[in-house]
Amino acid sequence: MSTMRKQRNLSFGSSADNEHGLKLELNYDEDTKTAFGKIVLPSHFQGNQPNCVHPGVLSVMLDEVMMRINSAMNLDVNTGELTVRYLQLAKVEEELYLRGYFVKKNRKVIEHRAEIEDDIGKIIARAKGKYMEVDPLD
Numbered sequence: 001m002s003t004m005r006k007q008r009n010l011s012f013g014s015s016a017d018n019e020h021g022l023k024l025e026l027n028y029d030e031d032t033k034t035a036f037g038k039i040v041l042p043s044h045f046q047g048n049q050p051n052c053v054h055p056g057v058l059s060v061m062l063d064e065v066m067m068r069i070n071s072a073m074n075l076d077v078n079t080g081e082l083t084v085r086y087l088q089l090a091k092v093e094e095e096l097y098l099r100g101y102f103v104k105k106n107r108k109v110i111e112h113r114a115e116i117e118d119d120i121g122k123i124i125a126r127a128k129g130k131y132m133e134v135d136p137l138d
């Protein structure tokens, strides 16, 4: 008889248990199938540009907001494809707003869209995500 221990969630994007992570707090609206949240990133998430967030951190944030939709819809998935379009630089130490939208589900592929805005509503980055349902037998 095998005993499974519950593993700690150490997700870089959303886990409160990861001391080096983003600790994103994301909400979900059932009626619109939309996930959303806001965050102020400290300077240690800076990239090559002074006072600007590293683009890789932005892509994690976009993936996490779309994964929140999957979680709320009780979908067991892995990221299959993530396409990010960077439109503006995001500043560290300034509030950023995240929003993700359910688009469609075909067989085992779920599609979402997401975006990050600054505090005046300028879109910083947009993403398209495709998520693959995990086979319960695997």
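So for the sequence shown, the working numbering puts the first residue at 1; every next one is plus one. C-beta atoms are modelled at their ideal positions from N, C-alpha and C, and glycine is treated no differently.
Starting from the C-beta of residue i, find all residues in its chain whose C-beta is less than 6 angstroms away, skip the five residues before and the five after it, and write them out in chain order.
i, result
"leucine 41", "Val53 and Val92"
"glycine 129", "Met66, Leu82 and His112"
"alanine 35", "Leu26, Tyr28, Val65, Arg68, Ile69 and Gly100"
Suppose the cutoff is 8 angstroms on Cβ atoms and the five residues either side in sequence are ignored; what does the same chain contact list for residue i look like?
i, result
"glycine 21", "Leu10, Ser11, Phe12, Gly13, Ser14 and Ser15"
"lysine 38", "Glu95, Leu96, Tyr97 and Leu98"
"aspartate 118", "Gln88, Ala90, Lys91, Glu94, Glu95, Leu96, Tyr97 and Ile124"
"methionine 61", "Gly13, Leu22, Leu24, Ile39, Leu96, Leu98 and Ile116"
"lysine 104", "Ile110 and Glu111"
Use the C-beta contact count for residue i: other C-beta atoms within 10 angstroms, 16 or more gives buried, fewer gives exposed.
i, result
"tyrosine 25", "Before going on, a small fix: residue 25 reads as glutamate here, not tyrosine. Exposed is the call here."
"threonine 32", "exposed"
"aspartate 29", "exposed"
"glutamate 19", "exposed"
Would residue i count as contacting chain B if we go by Cβ distances under 8 angstroms?
i, result
"threonine 79", "Given the protein chain composition of this structure (a single chain), no chain B is represented."
By Cβ distance, which residues of its chain are closer than 7 angstroms to residue i, with the 5 residues on each side in sequence left out?
i, result
"valine 77", "Asn70, Ile110, Tyr131, Met132, Glu133 and Val134"
"leucine 89", "Gln49 and Cys52"
"phenylalanine 45", "Val53, His54, Val57 and Val92"
"lysine 122", "Gln88"
"threonine 79", "Asp63, Gly129 and Tyr131"
When DSSP labels each residue in this structure, what does residue i get in the three-state scheme?
i, result
"alanine 16", "coil"
Report the partner residues of residue i according to the DSSP bridge assignment.
i, result
"glutamate 115", "Arg99 and Arg126"
"asparagine 27", "Phe36"
query = Can you give, in chain order, each stretch of the alpha helix (DSSP H) that sits fully within the region 35 to 113 and has at least 4 residues?
reply = Taking only runs of at least 4 residues, the alpha helix (DSSP H) segments lying wholly in the region 35 to 113 are 55 to 72.
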